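Chains as they are written, first to last, in our numbering: chain A, 1 to 239; chain B, 240 to 478. One structure below.
Number of protein chains: 2
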Amino acid sequence: MPNPTAAMLVIGDEILSGRTRDANMHHLAGQLTEAGITLSEVRIVSDDHEAIVAAVRALSEAWDTVFTSGGIGPTHDDITADAIGAAFGASVDVRADARDLLAAHYARTGSELNEARLRMARIPDGATLIDNPVSVAPGFTLGNVHVMAGVPSVFQAMVASVLPTLTGGTPLTSTSTRIDRGEGDIAGPLGDLAEAFPDLSLGSYPFQKDGKFGANIVIRGQDADQVAAATARLEALFA
Amino acid sequence: MPNPTAAMLVIGDEILSGRTRDANMHHLAGQLTEAGITLSEVRIVSDDHEAIVAAVRALSEAWDTVFTSGGIGPTHDDITADAIGAAFGASVDVRADARDLLAAHYARTGSELNEARLRMARIPDGATLIDNPVSVAPGFTLGNVHVMAGVPSVFQAMVASVLPTLTGGTPLTSTSTRIDRGEGDIAGPLGDLAEAFPDLSLGSYPFQKDGKFGANIVIRGQDADQVAAATARLEALFA
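What follows is the structure in structure tokens.
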């Protein structure tokens, strides 16, 4: 049976402008692969209402689960909650359960729960909250979309909350074999090997180092025995 | 006048699986920002024909220019050229100009121009070649789509070839101001500042360090005087 699929939507002008390098995608990719869930597509869009709505709808329809990161803080550029609500036709307002979490937190820390902070309690109707052990302001799940913070420590904590609730598939086994020849010499035999193991995915990732060309050949599959057999055959081919 | 827009399509199972961390997107984002071109959307899709075709079509229609990375080598998983051809209804075959480049290169280096390497001369009809000073096998431009290699050194060389051919806009000026207060305290005044400077983009990027919360406020715009004025006002607000 094919593994469940997932997509990620990164909301962030700062990544598109090159100011910041996204770290959340790489983290999520690794976590999903371990859980046996296939990350099938990623989109990065700007802090723009229509762009977020369109991307959420498309990804939500195409894949089993969607994760978003970014745009759920207290400032004027945090527009994700409203966009997710709009994508699902759900109204968005300050919700009592989220407000209570924030009120308790700010009472403890002595900060004021002002109008800006209260924006973080704006949750679409029908959504369930995602726990934020780092900075309290919750994420939320609406339909098959999990809406999470962009700050990496918070994003990672939220992924850890959400992942156990998802049904995973068979984790993929993979091997990586370095071949110190140009891809052009590897390609023919590798193509034959791929045909001999139709259930496996064989990827060739070329590199060059000190003027020499080579490639890392990654073999992936759900059946560990098949992966081992194909890897042994690959090693024999280029020994 | 708004700046020209661009999108990027990354083709790569290895990034979606978490094995590799993409470096090309961050490089391109910085280069485009310097050139005054707005990177508006990025998509990452797997090594899948239909997925590539659909993404190229969508991005090509939505934005002025599209850059792709990955999938143009000699191995069985290098399917980008055919997918781009399919997206534009162009036939794809070994082309004499590309074959000549490869033949000269492999004659020089003493390697055989075998069937696999010849795949790298498969170029869609009507495309123009993009120079590859690193490893010769060319990229190509078809319509508004620039198809480039995934290996970072080659990708960067191809970006350097393509960028001077594009019409840029006014490069954005930006400032980044660190405010050592929680976003919830910053949000109200920041929202007012954003309203006072409707031509600028004000982004708030929260962080936490040693248990303290703060945010970097990035102010961007085409008019350097306005950016400076808004930054001065911001600093005065939180001095």
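Where is the CB? At the ideal position from N, CA and C, for every residue including glycine. Keep in mind the model is a prediction, meaning the values are calculated, not measured.
Using 8 angstroms as the limit for Cβ to Cβ distance, is Thr177 (chain A) near chain B? Your numbering for residue 177 (chain A) matches position 177 in the first sequence. No, because no Cβ of chain B sits closer than 8 angstroms to the Cβ of Thr177 (chain A).
Whose C-alpha, out of B:Ile369, B:Ala293 and B:Pro410, is nearest the C-alpha of Asp336 (chain B)? Start at 1 with the first residue of the second sequence, and residue 336 (chain B) comes out as number 97. By alpha-carbon distance to Asp336 (chain B), the top candidate from B:Ile369, B:Ala293 and B:Pro410 is B:Ile369.
Determine the chain B residues that contact Glu41 (chain A) at a beta-carbon separation under 9 angstroms, and present them in chain order. By 1-based counting over the first sequence, the position of residue 41 (chain A) is 41. Simply Leu255, Arg282, Ile283, Val284, Ser285, Ala290 and Ala294.
Give me, in chain order, the residues of the same chain whose beta-carbon lies closer than 6 angstroms to that of Ala388 (chain B); leave out the 5 immediate sequence neighbours on both sides. In the second sequence, residue 388 (chain B) corresponds to position 149, counting from 1. Result list for Ala388 (chain B): Ile311 and Phe394, in chain order.
At which residues does the beta strand (DSSP E) containing Val151 (chain A) begin and terminate? Along the first sequence, one-based indexing puts residue 151 (chain A) at 151. Premise fails: Val151 (chain A) is in no beta strand (DSSP E) and is neither H nor E.
Measure how close the beta-carbons of Ser443 (chain B) and Thr75 (chain A) come, nearest whole angstrom, since I'm counting them as under 8 angstroms. On the second sequence, residue 443 (chain B) is found 204 positions in, with the first residue counted as 1. On the first sequence, residue 75 (chain A) is found 75 positions in, with the first residue counted as 1. Ser443 (chain B) to Thr75 (chain A), Cβ: 4 angstroms. Contact.
Just by C-beta distance, which residues in the region 121-136 of chain A are closer than 9 angstroms to chain B? For the region 121-136 of chain A, the set of positions with a beta-carbon nearer than 9 angstroms to some beta-carbon of chain B reads Val134 and Ser135 in chain order.
Decide if Gly251 (chain B) is buried, meaning its Cβ has at least 16 other Cβ atoms within 10 Å, or exposed. Here residue 251 (chain B) is taken as the residue at index 12 of the second sequence, counted from 1. Buried.
Quick one: which chain A residues come within Cβ less than 9 angstroms of Gln447 (chain B)? Numbered from its first residue, the second sequence carries residue 447 (chain B) at position 208. Going along chain A in sequence order, the residues near Gln447 (chain B) (Cβ under 9 angstroms) are Val134, Ser135, Val151, Ser153 and Val154.
Determine contact between the region 402-414 of chain B and the region 266-274 of chain B, defined as no fewer than three beta-carbon pairs at a distance below 8 angstroms. Yes: the two stretches touch, three or more of their Cβ pairs being nearer than 8 angstroms.
Using CA atoms only, rank isn't needed, just tell me which of B:Asp449, B:Val466, B:Asp419 and B:Arg417 is closest to Ala433 (chain B). Residue mapping note: residue 433 (chain B) aligns to position 194 of the second sequence, counting from 1. Between Ala433 (chain B) and the set B:Asp449, B:Val466, B:Asp419 and B:Arg417, the nearest pair of CA atoms involves B:Val466.
Check the Cβ of Asn353 (chain B) against every Cβ in chain A and list those closer than 9 angstroms, keeping chain order. Residue mapping note: residue 353 (chain B) aligns to position 114 of the second sequence, counting from 1. Per Cβ cutoff of 9 angstroms: Gly184, Asp185, Ala187 and Gly188.
DSSP bridge partner residues for Phe379 (chain B) (one or two, in chain order): Stepping through the second sequence from its first residue, residue 379 (chain B) is reached at position 140. Answer is B:Leu368 and B:Val386, bridged to Phe379 (chain B).
Just the C-alpha distance for Glu112 (chain A) and Leu39 (chain A), rounded to the nearest angstrom, thanks. Mapped onto the first sequence, residue 112 (chain A) falls at position 112. Mapped onto the first sequence, residue 39 (chain A) falls at position 39. One C-alpha to the other measures close to 40 angstroms.
Under a CB-based cut-off of 8 angstroms, is Ile269 (chain B) close to chain A? Residue numbering aside, residue 269 (chain B) sits at position 30 when the second sequence is read from its first letter. Reading off the sequence shown, one finds Gly at residue 269 (chain B), where the question assumed Ile. The C-beta of Gly269 (chain B) comes closer than 8 angstroms to at least one C-beta of chain A.
Under the DSSP definition of a beta bridge, which residues are partnered with Asn216 (chain A)? Residue numbering aside, residue 216 (chain A) sits at position 216 when the first sequence is read from its first letter. Answer by DSSP bridge pairing, in chain order: A:Arg178 and A:Tyr205.
Should the region 88-96 of chain A be regarded as contacting the region 108-128 of chain A, the criterion being three or more beta carbon pairs within less than 8 angstroms? Cβ pair count under 8 angstroms is three or more, so yes.
Pairwise C-alpha distance: Ile291 (chain B) and Ser308 (chain B): For this step, residue 308 (chain B) is matched to residue 69 along the second sequence. For this step, residue 291 (chain B) is matched to residue 52 along the second sequence. If I take the Cα positions, the gap works out to 11 angstroms.
Take the Cβ of Ser153 (chain A) as the centre, count every other Cβ of all protein chains shown within 10 Å, and call the residue buried at 16 or more, exposed below. For the purposes of this step, residue 153 (chain A) is taken as the residue at position 153 of the first sequence. Ser153 (chain A) should be labelled exposed.
Grouping DSSP H, G and I as helix and E and B as strand, with all else coil, what is Ala245 (chain B)? Residue mapping note: residue 245 (chain B) aligns to position 6 of the second sequence, counting from 1. In the three-state scheme derived from DSSP, where H, G and I count as helix and E and B as strand, Ala245 (chain B) is classed as strand.
Can you tell which of A:Ala6, A:Asp199 and A:Ala196 has the C-alpha that lies nearest to the C-alpha of Val42 (chain A)? Walking along the first sequence from the start, residue 42 (chain A) turns up at place 42. Looking at the Cα atoms, A:Ala6 is the closest of the given residues.
Out of A:Ile186, A:Ile15, A:Asp100 and A:Gly143, which has the shortest C-alpha to C-alpha gap to Leu59 (chain A)? Here residue 59 (chain A) is taken as the residue at index 59 of the first sequence, counted from 1. If we check each option's Cα against that of Leu59 (chain A), A:Gly143 comes out closest.
Segments assigned alpha helix (DSSP H), at least 4 residues, entirely inside the region 62-97 of chain A: Listed in chain order, the complete alpha helix (DSSP H) runs (minimum 4 residues) inside the region 62-97 of chain A are 80-88.
Using 8 angstroms as the threshold, is the C-beta distance between Gly188 (chain A) and Asn353 (chain B) below it? For the purposes of this step, residue 188 (chain A) is taken as the residue at position 188 of the first sequence. For the purposes of this step, residue 353 (chain B) is taken as the residue at position 114 of the second sequence. Yes, they are a contact pair.
Would you report the Cα separation of Asn371 (chain B) and Ser400 (chain B), rounded to the nearest angstrom? Counted from its first residue, the second sequence places residue 371 (chain B) at position 132. Counted from its first residue, the second sequence places residue 400 (chain B) at position 161. Counting only the Cα atoms, Ser400 (chain B) lies some 8 angstroms from Asn371 (chain B).
Which of helix, strand or coil does DSSP assign to Thr173 (chain A)? For the purposes of this step, residue 173 (chain A) is taken as the residue at position 173 of the first sequence. DSSP places Thr173 (chain A) in strand when its eight states are reduced to three.
Residue span of the alpha helix (DSSP H) that contains Arg472 (chain B), given as start and end: Position 233 of the second sequence, counted from the first residue, corresponds to residue 472 (chain B). That run of the alpha helix (DSSP H) goes Ala463 to Leu476.
Residue span of the beta strand (DSSP E) that contains Pro124 (chain A), given as start and end: In the first sequence, counting from the first residue as 1, residue 124 (chain A) sits at position 124. That run of the beta strand (DSSP E) goes Arg122 to Pro124.
So the candidates are A:Val136, A:Ala232 and A:Asp210; which of them puts its Cα closest to the Cα of Leu151 (chain A)? Within the first sequence, numbered from 1, the residue matching residue 151 (chain A) stands at position 151. Looking at the sequence itself, residue 151 (chain A) is Val, so the reference to Leu does not match. For Val151 (chain A), the closest alpha carbon among the candidates A:Val136, A:Ala232 and A:Asp210 is that of A:Val136.
Distance cutoff 8 angstroms, beta carbons only. Does Val466 (chain B) sit that close to anything in chain A? Against the second sequence, residue 466 (chain B) aligns to sequence position 227. False, the Cβ-Cβ gap to chain A never drops below 8 angstroms.
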